[in-house]
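The block underneath contains the structure these notes are about, expressed in structure tokens.
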Amino acid sequence: MSLDRTVAHFVTHRRRFVFLVAGLITGLCIATILFALRFDSDILDLLPRQFDSVQALKVSDREFTNARQLTFAVCDTSGAQDAFMLDTAAEKFRDALKQQPWAVRVTSAPPLDSSEGVGDLQKYLAVPLLLNLDPAVFANAIQALQPGRIAARLHELRQKMETMSVAEMKLNFDALGVVQEALKPLAGSFSGEQTQSFTSADGSLHLVFVETNQDGIDPHACQALMRKVESFEARFLAENSDLPVKILVTGRTAYVDQISRAMRFDILSTLAGSIVLVSLVFYFGFRRFWPLFALMHVLLLCCIIAIAVGGLIFHQLNLITIGLCSILVGLGVDFGMLLYGSYQSQRNAGVAHEQAIAASLRQLGGGIFFGAITTAAGFSSLALSGCAAFMQLGVLIGIGILFASVLMMTVFYACVSRNRPPEEHDFLFEGGKKYVRAIFKNPKPVLIATTVLLVLMCAAALAPIGKLRLEADPKTMEPKCDASTALHTIQEKFPAAHEPLLVLVSAKDAEEFHGAWTKLNERWAQAVNSGGIKSFRALGAFALSPERIHQNLKQLANLDLSVARETLTKTLDVEGFNANDESFQNSFALIDALQNAKQHNAQSFDWRKILPPQSSWWFVLDQFFAKNGYLGAAYITPAEKIRSNAAKESLREQLTVPGISMRITGWSYVLADLIPWAKHKLILLSVVMVLFNIVLLTFLYRSLAPLMILMISLALSIGAMVACLKFFGFALNLFNVLAFPLVLGVGVDYGIYILLALRQPGDKEHAFATIIKPVLLAGLTGIAGFGSLALAHNPALQGLGIVCALGIAWCLFATVFFILPAYVARAQR
Amino acid sequence: MNRLAVIFVYVFCTLQSAFCAEMSAPERAALLQQLRAIHEKEPTLQSDFVEERTTHLLNKPITSEGTIWFAVPDKFRREVRGNNPSTTVSNGKVLWIYYPNFKEAEIYTLGQRAFFDDSLSALTAGLNFQHIDEFYNFRAWHEDGVYRLDLTPKKPNLRKIVEHLVLTLDGNFLPHKSELLLPKGDRLVTTYTNPHRPALSASTFEFTPPGDAHISRPLGK
Chain A
122 MSLDRTVAHF VTHRRRFVFL VAGLITGLCI ATILFALRFD SDILDLLPRQ
172 FDSVQALKVS DREFTNARQL TFAVCDTSGA QDAFMLDTAA EKFRDALKQQ
222 PWAVRVTSAP PLDSSEGVGD LQKYLAVPLL LNLDPAVFAN AIQALQPGRI
272 AARLHELRQK METMSVAEMK LNFDALGVVQ EALKPLAGSF SGEQTQSFTS
322 ADGSLHLVFV ETNQDGIDPH ACQALMRKVE SFEARFLAEN SDLPVKILVT
372 GRTAYVDQIS RAMRFDILST LAGSIVLVSL VFYFGFRRFW PLFALMHVLL
422 LCCIIAIAVG GLIFHQLNLI TIGLCSILVG LGVDFGMLLY GSYQSQRNAG
472 VAHEQAIAAS LRQLGGGIFF GAITTAAGFS SLALSGCAAF MQLGVLIGIG
522 ILFASVLMMT VFYACVSRNR PPEEHDFLFE GGKKYVRAIF KNPKPVLIAT
572 TVLLVLMCAA ALAPIGKLRL EADPKTMEPK CDASTALHTI QEKFPAAHEP
622 LLVLVSAKDA EEFHGAWTKL NERWAQAVNS GGIKSFRALG AFALSPERIH
672 QNLKQLANLD LSVARETLTK TLDVEGFNAN DESFQNSFAL IDALQNAKQH
722 NAQSFDWRKI LPPQSSWWFV LDQFFAKNGY LGAAYITPAE KIRSNAAKES
772 LREQLTVPGI SMRITGWSYV LADLIPWAKH KLILLSVVMV LFNIVLLTFL
822 YRSLAPLMIL MISLALSIGA MVACLKFFGF ALNLFNVLAF PLVLGVGVDY
872 GIYILLALRQ PGDKEHAFAT IIKPVLLAGL TGIAGFGSLA LAHNPALQGL
922 GIVCALGIAW CLFATVFFIL PAYVARAQR
Chain B
45 MNRLAVIFVY VFCTLQSAFC AEMSAPERAA LLQQLRAIHE KEPTLQSDFV
95 EERTTHLLNK PITSEGTIWF AVPDKFRREV RGNNPSTTVS NGKVLWIYYP
145 NFKEAEIYTL GQRAFFDDSL SALTAGLNFQ HIDEFYNFRA WHEDGVYRLD
195 LTPKKPNLRK IVEHLVLTLD GNFLPHKSEL LLPKGDRLVT TYTNPHRPAL
245 SASTFEFTPP GDAHISRPLG K
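Written as structure tokens, this is what we have:
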């Protein structure tokens, strides 16, 4: 017995067994999904892994960007530029935040703009910075603590207060004149004019930062925290309804919360969109509910299997893979419609159920098998992209398509009712039949018209008419959400918040770390002076050198700090200063901290251990130092925007110091890697797909002419697709260029079905008339499946769906109006 | 302390406004036009002053007196007399402060440090009205030939330096008194006497330190 008859017999007489096996597989897959699969919402996983710049970006994201930090923006909605109101609102908001059990520390001003920050500098940070000075500089700095120097300085500043001068500023900040010495290395670390302020220049926005105590950083923990944050925001705005402000929030937690929820929405909306559109197309074609119901169940099973297998292979799936279900529904339904169309025509011809199944399998089984292979190959080619997310998407759809082809030829038939479908007037079939008859009568007019149209479209694609836009910035792939809107608003108001280049520096130990930063500071200061870079920010002065500290502690042992304290007390009294003022109390605290350091207690000068958790300095230091180990970061603003690989390499040369372990990254730097990558992958994947199609079709056709017709049709379709992208102003981005190989893989299928119909024994006109309707419906469902991705929030997925839908639409058009007439014309000749 | 000072100023302003007629928006615009017209016609000013400074750093307020010369838009000379004399001179590009007691001259380049420029513009606010509506939200009262202007900063950077400013002008728009409420509850009250608009030579706003003076740049180049 032949395979088609064996399968037909089995699915007709062993339906319960088929359903039992399908049920078992479903149960196993659901268990796998529940226990072995996690979702990854990290936007960085969309980028190809092979680049060091991408890896460094991930390291930076993991080690530096404080995963538990939220940035709030208090925005003035009145438009009155009322700095007093905005400051009041920001202070109220900050104070209210401090009361929240989930807030560890909060700040609404740069450390040096707040009295607490200045106090923390003098009490906790000045001593480590002082001890980290070059021993000669340190010896000079502590001279300021000699009794005579203290009295003279305070007397002079008191006198100068009577005129307009910086004397008050000096007294407020550093009454003893010691802290300024400690900060000198930092002044060298911040080149250019880099004034930091938490209020935008136009006075419409005030930033407030908070470090939270959320348990984990997974989506569930982020969602739980953000519900508390939203509730707090609503309470604050209700209690302060007199303040014309709104609150924006951003940060990793906000992103993960919103993206993970958007992922859920995207899965449901794209799947629902796909199911509705595909169902409409199916009903339009067949006017049957039960087979549609059966088809959807089989497709659902395919999706579950694909996700479960993907979970076993990859363990976690990225946000791009959520497009899997809608694409799979759109493509997998093709097989079902083709088979059911064929089955229905057999039944209409009076053939019994089992024999009709066998006949449809015989007619289309091969085509479906090869079609599934080309489509699966098209998607699997994404594995060559080097991008984890697209690799996952491609492999999962490839697996799903192969399963769909098998399950449609088995489980689907088991679901189809044995009752003979009632005969109705099938206008689609009749319309197709009339079209085929017209083509057989004279194929040339349609062939010539279509050829002219497609050639013109290709010419438009190549000609300098309009412009095919390329969105090169990978950040355009960032899902649209409130957190991203907030971030962009902040970046707009604070140009300094635009991410500069990031340099990560690592070392084995503290001494090497200190030495690396010293050399880099010198090197980059030279680069600034020579115009190689515009500016840099680094806090190398906080990289403590055990050797220097050891030497400076020896010098400090010779200084009597109790005398310094006593002199300060007396002088303040003599000059009429308010000794209880915070500024002078900070000076006493500094002397006490130095006294404590003299005990040679390592804990007393390691800022990581002595800085209080509530200190606003953590918000600064966390940007520059990783939590663990000797890993630091610096921020570089290049002299010019990086526009090419050569510029990138030139900059690398300027920044690099031999012997220091450093990595350079940042979005613009990554971009210099990604643009050539995208172009290379577009060519590579398209060539691979074309070669695969040629090999497969050569094996299938065993004739050059039909192969040529199909390949010309594909080329013209791609050209027309590009022309449409230009006309509609739709931008290609780094990822939807990957749609090209997919269109090649999917679009070729319709031509295969047409060719197989041509090879059917008997009346060719009837064979084409039978196949034209299912091909048309299959194309429309493919378009619907990809088109439903336009509903997604995720721009990468959205772009991929739109480009593929457009490409498949042109492939379908070319199949019906170019390939079919071309085959007929050739056959007639 | 800070909050108390703010409350004090607001209570003071409220009580004042109860007895004075507050100017409407068109009247305020007309007032600014008049001030600008006078500045165009007579761009210079000279006045003696007495300044009382209350600061959180000192137990008692400091009082100083001297003379100020001003030319629109940003030139001034300010000489403080007494035990701690000083001379401050700005030609709009460079500012000198000379302390004879210390034989020390400080030089500041203007236009390079926003906070320093903002401080200067705050301190000369009573003399220069050119950009007053750009930098401040202001209300004004006119009663018995005296104008009182109540200013709150629009720009956040300026608010770090000045929280509130009250200016009193006589009927000829010459300064009578300025009261600055500064952060941390500090206050600066300047009373002007004998203000007039003489012709001033350019050399008034130039300064050459004595040969034996030590010159420093506290804010760098």
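Here the protein sequences come in this chain order: A and B.
Sequential numbering from 122 applies to the first sequence in the working numbering.
Sequential numbering from 45 applies to the second sequence in the working numbering.
Yeah, the Cβ is synthetic: ideal placement off N, Cα and C, and Gly gets one too.
Beta-carbon proximity list for residue i, same chain, < 7 Å, skipping 5 on both sides
i                         : result
leucine 941 of chain A    : Ile560, Ile875, Phe889
glutamine 487 of chain A  : Going by the sequence as given, residue 487 of chain A is glycine instead of glutamine. Excluding sequence neighbours, glycine 487 of chain A sits near Leu877.
arginine 125 of chain B   : Glu109, Gly110
valine 225 of chain A     : Glu332, Thr333, Asn334, Pro734
alanine 678 of chain A    : Lys719
serine 312 of chain A     : Because the pLDDT at serine 312 of chain A is just 46, under 50, the model does not fix this residue reliably, and the point stays unresolved.
asparagine 766 of chain A : Ala793, Pro797
alanine 930 of chain A    : Ile904
Min CB distance residue i to chain B below 8 Å
i                         : result
threonine 284 of chain A  : yes
valine 695 of chain A     : no
leucine 715 of chain A    : no
valine 287 of chain A     : yes
asparagine 650 of chain A : no
leucine 912 of chain A    : no
asparagine 699 of chain A : yes
glycine 394 of chain A    : no
aspartate 241 of chain A  : no
glutamine 315 of chain A  : With a pLDDT of 45 at glutamine 315 of chain A, under the threshold of 50, the predicted position of this residue should be treated as unreliable, though the coordinate-derived value follows. No, glutamine 315 of chain A lies away from the interface with chain B (no Cβ there is under 8 Å from its Cβ).
arginine 669 of chain A   : no
6 Å CB neighbourhood of residue i in its chain, flanking five on each side removed
i                       : result
valine 227 of chain A   : Arg215, Leu218, Lys219, Val331
arginine 483 of chain A : Asp125
leucine 232 of chain B  : Arg97, Leu224
Helix, strand or coil at residue i according to DSSP, with G and I counted as helix
i                         : result
glutamate 314 of chain A  : With a pLDDT of 44 at glutamate 314 of chain A, under the threshold of 50, the modelled position of that residue is not reliable, and no figure is offered here.
histidine 986 of chain A  : Since the first and last residues shown for chain A are 122 and 950, residue 986 of chain A lies out of range.
asparagine 673 of chain A : helix
cysteine 196 of chain A   : strand
histidine 134 of chain A  : helix
aspartate 161 of chain A  : strand
alanine 755 of chain A    : strand
alanine 852 of chain A    : coil
threonine 664 of chain A  : The identity of residue 664 of chain A in the sequence shown is alanine, whereas the question assumes threonine. Alanine 664 of chain A falls in the coil class under three-state DSSP.
glutamine 476 of chain A  : helix
According to DSSP, residues forming a beta bridge with residue i
i                         : result
histidine 258 of chain B  : B/Glu148
cysteine 446 of chain A   : Looking at the DSSP assignment, cysteine 446 of chain A forms no beta bridge with any residue, so it has no partner.
proline 365 of chain A    : According to DSSP, proline 365 of chain A bridges with nothing at all.
lysine 221 of chain B     : B/Thr212, B/Thr235
asparagine 181 of chain B : B/Thr196
tyrosine 191 of chain B   : B/His186, B/Leu213
methionine 783 of chain A : A/Val626
Same chain only: Cβ atoms within 8 Å of residue i, ignoring 5 sequence neighbours per side
i                     : result
serine 400 of chain A : Leu413, Met417
Rounded Cβ spacing between residue i and residue j (contact assumed at less than 8 Å)
i                         : j                        : result
asparagine 128 of chain B : glutamate 289 of chain A : Their Cβ separation, rounded to whole angstroms, is 14 Å, which puts asparagine 128 of chain B and glutamate 289 of chain A out of contact at 8 Å.
leucine 346 of chain A    : cysteine 196 of chain A  : Actually they are not in contact, since the Cβ atoms of leucine 346 of chain A and cysteine 196 of chain A sit about 22 Å apart, beyond 8 Å.
aspartate 194 of chain B  : valine 210 of chain B    : 6 Å
serine 181 of chain A     : alanine 754 of chain A   : 7 Å
Short CB-CB distance (under 8 Å) between residue i and chain A
i                       : result
valine 116 of chain B   : no
arginine 203 of chain B : yes
leucine 101 of chain B  : yes
tyrosine 236 of chain B : no
proline 254 of chain B  : no
tyrosine 191 of chain B : no
valine 124 of chain B   : yes
proline 242 of chain B  : no
CB contact below 8 Å: residue i versus chain C
i                     : result
lysine 119 of chain B : Here chain C cannot be found, since the structure's protein chains are A and B.
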